[in-house]
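Counting in the numbering used here, the final residue of the sequence shown is number 314, and the numbers go up one at a time with none missing. All C-beta atoms, glycine included, are put in the ideal place defined by N, C-alpha and C. Treat the numbers as computed from the prediction; the structure is a model and nothing was measured. Comments concern the structure below.
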Amino acid sequence: MTDHLLRITSRDGNLRAVAAITTDLCETARQLHRTDPTATIALSRMATGTALLGALLKDDQRLAMIVEGSGPLQKIHAETNAAGHVRCSIKQPIAGLPPADDKFDVVGAIGRAGFLSVVKDLGLKEPYRGTVQLQTSEIGEDIAYYLTTSEQVPSSVALGVSLTPEAKVHAAGGLLVQALPGCDDATINTVESRLTAMPPISEQLLSGSTLNQMLSSVLGEIPCSESLQTPLFFRCNCSRRQVAGVLRSLGSDELREAVDKNETVTITCEYCRKAYEFSPGEVATLLN
Ligand code: ZN
Numbered sequence: 027m028t029d030h031l032l033r034i035t036s037r038d039g040n041l042r043a044v045a046a047i048t049t050d051l052c053e054t055a056r057q058l059h060r061t062d063p064t065a066t067i068a069l070s071r072m073a074t075g076t077a078l079l080g081a082l083l084k085d086d087q088r089l090a091m092i093v094e095g096s097g098p099l100q101k102i103h104a105e106t107n108a109a110g111h112v113r114c115s116i117k118q119p120i121a122g123l124p125p126a127d128d129k130f131d132v133v134g135a136i137g138r139a140g141f142l143s144v145v146k147d148l149g150l151k152e153p154y155r156g157t158v159q160l161q162t163s164e165i166g167e168d169i170a171y172y173l174t175t176s177e178q179v180p181s182s183v184a185l186g187v188s189l190t191p192e193a194k195v196h197a198a199g200g201l202l203v204q205a206l207p208g209c210d211d212a213t214i215n216t217v218e219s220r221l222t223a224m225p226p227i228s229e230q231l232l233s234g235s236t237l238n239q240m241l242s243s244v245l246g247e248i249p250c251s252e253s254l255q256t257p258l259f260f261r262c263n264c265s266r267r268q269v270a271g272v273l274r275s276l277g278s279d280e281l282r283e284a285v286d287k288n289e290t291v292t293i294t295c296e297y298c299r300k301a302y303e304f305s306p307g308e309v310a311t312l313l314n
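Okay, here's the thing in structure tokens:
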């Protein structure tokens with residue numbers, strides 16, 4: 027199954043659910059950032075959670091989610107848009123932690139203390155920014171906490187990532203369910219208990235479940251409108267012009283030194299790792 031997301035709304039408009047399969051884009055991110063297994067899972071959860079939130083964007087809107095924690099990974103940044111393009115970066119790609127309770131120690135890698143921020147560019151004058159303290163550092167629960175408290179939309183988020191024995195991404199995906207105004211407690215409780223009872227997302231994907239089946243198992247008999255499908259890709263929108271802007275912000279002393287020594291300056295995109303080279307002549311032009 028190629029990466030995509032599926033968005034569905036109950037016919038009475040009280041519930042919204044999004045499911046995503048992100049295996050390929052998470053594996054691309056792993057290869058680009060050369061993460062160790064624990065970091066791969068943390069980065070994949072961030073990319074998947076961001077893709078789920080992206081399902082709520084329209085037209086030219088963009089969204090970024092940032093986690094900054096006290097653990098060795100330091101900072102993970104993931105971005106998406108309404109077209110399903112996802113890109114992500116990680117400050118330290120190696121967590122270097124032993125497993126905890128026979129599982130990859132994602133919580134230790136992110137760190138128990140820290141913040142999750144969501145920045146939305148909705149095409150208004152100022153981007154919207156919401157920040158919450160990390161609750162469990164598992165990421166899924168932290169996103170749910172952010173949506174419930176900061177955006178005041180009661181939400182549940184389940185994220186699943188499993189790796190092959192060679193530590194490649196074998197399956198990755200996620201599910202987001204939101205109770206909209208008008209949703210009664212009985213419905214919320216039913217959906218919550220189905221989510222809790224559900225097998226892990228990655229397990230469902232590996233056993234061949236489709237996103238439609240996953241959504242049906244949570245929403246059950248609730249009548250829903252037709253689902254909307256969006257393909258998902260790892261795609262970076264960096265450009266030479268944008269990177270030149272970053273270069274200019276480095277400060278003129280550093281750039282002048284490169285020109286004086288006749289050195290080529292290389293800037294690597296933090297998301298897709300593409301290297302942009304600037305000759306001494308180009309750097310000199312930027313300086314003027
Ligand atoms: Zn890039």
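Separation of residue j from residue i, as counted between CA atoms
i: Arg155; j: Lys287; result: 42 Å
i: Ala81; j: Tyr302; result: 32 Å
i: Asp62; j: His103; result: 17 Å
i: Gly208; j: Gly39; result: 8 Å
i: Gly140; j: Glu105; result: 19 Å
i: Val269; j: Arg261; result: 16 Å
i: Asn107; j: Asp85; result: 8 Å
i: Ser219; j: Ala121; result: 34 Å
i: Leu83; j: Glu289; result: 43 Å
i: Ala170; j: Leu206; result: 14 Å
i: Leu148; j: Glu177; result: 15 Å
i: Val3; j: Glu164; result: Past the edges of the chain, shown from 27 to 314, lies residue 3, and the structure says nothing about it.
i: Ala212; j: Gly134; result: 36 Å
i: Thr294; j: Ser233; result: 39 Å
i: Glu280; j: Thr54; result: 33 Å
i: Thr157; j: Leu189; result: 30 Å
Residue i vs residue j beta-carbon contact at 7 Å
i: Leu31; j: Leu258; result: yes
i: Ala90; j: Ala46; result: no
i: Gly97; j: Ile136; result: yes
i: Leu221; j: Ser265; result: no
i: Val195; j: Arg71; result: no
i: Leu99; j: Ala68; result: yes
i: Ile116; j: Ser253; result: no
i: Leu312; j: Ser278; result: no
i: Val93; j: Leu142; result: yes
i: Thr74; j: Leu237; result: no
i: Leu123; j: Thr216; result: no
i: Arg42; j: Gln204; result: yes
i: Leu150; j: Arg299; result: no
i: Val309; j: Val272; result: no
i: Thr256; j: Gly95; result: no
i: Leu231; j: Ala197; result: yes
i: Tyr297; j: Arg113; result: yes
i: Ile17; j: Gly246; result: In the structure as shown, the chain starts at 27 and stops at 314, and residue 17 therefore has no counterpart that could be examined.
i: Leu276; j: Val44; result: no
Residues that residue i bridges to, as DSSP identifies them
i: Thr35; result: Arg42
i: Gln204; result: Arg42 and Ser181
i: His30; result: Ile47 and Pro257
i: Val187; result: Ala198
i: Gly95; result: Gly140
i: Tyr302; result: Ile293
What are the start and end residues of each continuous alpha helix (DSSP H) run of 4 or more residues lying completely inside the stretch 99-176, in chain order? 132-136 and 166-175
Any beta strand (DSSP E) of 3 or more consecutive residues that is wholly inside the stretch 219-259: 254-257
Contact set, the ligand ZN heavy atom to C-beta under 7 Å: Arg113, Cys262, Cys264, Cys295, Tyr297, Cys298 and Lys300
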